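Data block below; observations after.
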Amino acid sequence: RYFLYDVSTGSKLVPGFELQDIVYLTGTLSSAALLGAYWTMAGLLTRLFEVNPISGNTRSNDLAANAVNVGMCCPLWIATEHALGFGPVDVGGVTLDASVVN
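Under our numbering, the first residue of the sequence shown carries the number 949, and numbering increases by one thereafter.
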């Protein structure tokens, strides 16, 4: 998400790692950690990580099972980022507040 911001703002006047880069990096890492936690919770709820006793494989390569996982964790992740003010402004769009309230 910050890649689009960096591309749209052009090159830096002074090359190097600045304080704002650290802020962006910690924001990205915390967002990724939150998404990872939600993905794991959704995977545990949908039994995505359980081993099939017949084949001995997990369902982690099953496209439909992963789509269910995405459908469970991503809206919650975006709503959490929006509610806590993480990420770019209006990460959920201008209608997210109205959608959550209604």
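Positions of the beta carbon are idealized from the N, C-alpha and C atoms, including for glycine.
From a predicted model like this one, the values you see are computed outputs, not experimental measurements.
* State the Cα-Cα distance for the pair GLY1033 and PRO1001, rounded to the nearest angstrom. => Indexing the sequence shown from 1 puts residue 1033 at position 85. Indexing the sequence shown from 1 puts residue 1001 at position 53. If you take the alpha carbons of GLY1033 and PRO1001, they lie about 44 Å apart.
* **Secondary structure of VAL1016, DSSP reduced to three states** => One-based indexing of the sequence shown puts residue 1016 at position 68. Helix, per DSSP.
* **Own chain, CB closer than 6 Å to MET1020, minus 5 neighbours either side, in chain order** => The residue given as residue 1020 occupies position 72 in the sequence shown. So the qualifying residues of the chain are ALA990.
* **Pairwise C-alpha distance: ARG1007 and PRO963** => Position 15 of the sequence shown, counted from the start, is the residue given in the question as residue 963. Position 59 of the sequence shown, counted from the start, is the residue given in the question as residue 1007. Looking at the two C-alpha atoms, the distance is approximately 46 Å.
* Cα separation between ALA1015 and THR1028? -> In the sequence shown, counting from the first residue as 1, residue 1015 sits at position 67. In the sequence shown, counting from the first residue as 1, residue 1028 sits at position 80. Cα-Cα distance, rounded: 20 Å.
* Just how far apart, CA to CA, sit LEU996 and ALA1013? -> Position 48 of the sequence shown, counted from the start, is the residue given in the question as residue 996. Position 65 of the sequence shown, counted from the start, is the residue given in the question as residue 1013. Taking the straight line from one Cα to the other gives about 7 Å.
* Asked: Which stretch, first to last residue, makes up the alpha helix (DSSP H) that contains THR1006?
  -> The residue given as residue 1006 occupies position 58 in the sequence shown. Run containing THR1006: none; DSSP gives neither H nor E here.
* Asked: On the three-state DSSP scale, how would you describe VAL971?
  -> Residue 971 sits at position 23 when you count from the first residue of the sequence shown. Helix.
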